[in-house]
Amino acid sequence: MQDYRSAAYLSSKKVSGRRPLLRTAQLNIVGWIAVTGLCAVGATAGLAVSRLAGVGTRIAMPAGGIAALVAVLAVDRRKWGDMPTSYSWTDDPDATAQAAALLTREGIGASAQLDQFGLPAVHYRNRDSRRVRQLFRSAGLPAPPTA
Numbered sequence: 048m049q050d051y052r053s054a055a056y057l058s059s060k061k062v063s064g065r066r067p068l069l070r071t072a073q074l075n076i077v078g079w080i081a082v083t084g085l086c087a088v089g090a091t092a093g094l095a096v097s098r099l100a101g102v103g104t105r106i107a108m109p110a111g112g113i114a115a116l117v118a119v120l121a122v123d124r125r126k127w128g129d130m131p132t133s134y135s136w137t138d139d140p141d142a143t144a145q146a147a148a149l150l151t152r153e154g155i156g157a158s159a160q161l162d163q164f165g166l167p168a169v170h171y172r173n174r175d176s177r178r179v180r181q182l183f184r185s186a187g188l189p190a191p192p193t194a
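In this text, residue positions in the sequence shown follow this note's numbering: the first is 48, and each later residue adds one.
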């Protein structure tokens with residue numbers, strides 16, 4: 048049986064253990080300026096709330112900026128979770144269909160289809176990747192790599 052490793056093994060980029068701050072967006076300088084501007088707007092809103100509520104600005108301004116950044120991260124994670132992904136570890140369509148059936152029985156929306164290379168693969172949403180890895184390990188199947 049051939050070894051169909053992930054394309055990440057073939058990448059010339061240095062692999063680091065750190066995940067990027069944003070999973071779906073690769074921001075250039077303009078994008079980072081926009082995120083910084085949004086955080087500044089959040090800090091300004093925190094200042095306005097602190098003036099109206101009589102709360103100290105040392106707490107409210109940073110809290111407003113952090114709340115804006117957390118909102119950006121939450122939207123990014125939700126978008127990432129909705130994105131489909133696939134995992135192929137074998138060229139046996141029956142094994143792939145059985146794995147997809149296992150995931151479906153456990154409440155994960157999964158299907159067995161051919162991937163872009165014509166190999167059978169299990170397709171599921173990124174938000175389910177942790178559970179997919181756990182179920183594959185418990186079934187004795189090679190687990191997908193961490194995203």
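Where a beta carbon is used, it is the ideal one built from N, C-alpha and C, also for glycine.
Flag this pair as yes or no: are the beta carbons of residue i and residue j separated by less than 8 Å?
i, j, result
"A157", "L166", "no"
"G112", "C86", "yes"
"A144", "A121", "no"
"R178", "I155", "yes"
"D123", "L69", "yes"
"A147", "V169", "yes"
"G128", "R66", "no"
"R172", "P109", "no"
Taking buried to mean at least 16 other C-beta atoms within 10 Å of its own C-beta, is residue i buried or exposed?
i, result
"L182", "buried"
"S135", "buried"
"S133", "buried"
"A118", "exposed"
"A95", "exposed"
"A107", "buried"
"A100", "exposed"
"G84", "exposed"
Could you tell me the alpha carbon to alpha carbon distance between residue i and residue j, rounded to whole angstroms?
i, j, result
"P140", "P191", "17 Å"
"A115", "R152", "38 Å"
"I80", "R180", "37 Å"
"R105", "V82", "21 Å"
"R98", "V77", "31 Å"
"T71", "A92", "27 Å"
"R184", "Q163", "25 Å"
"G89", "R125", "21 Å"
"N75", "T137", "38 Å"
"Q73", "T193", "19 Å"
Can you give, in chain order, each stretch of the alpha helix (DSSP H) that sits fully within the stretch 71-110 and has at least 4 residues? As summarised for the stretch 71-110, the continuous alpha helix (DSSP H) elements at least 4 residues long and confined to that stretch are 76-100, given in chain order.
- Continuous beta strand (DSSP E) assignments of at least 3 residues falling wholly in the stretch 101-161: Whole beta strand (DSSP E) segments, 3+ residues: 131-134 and 158-161.
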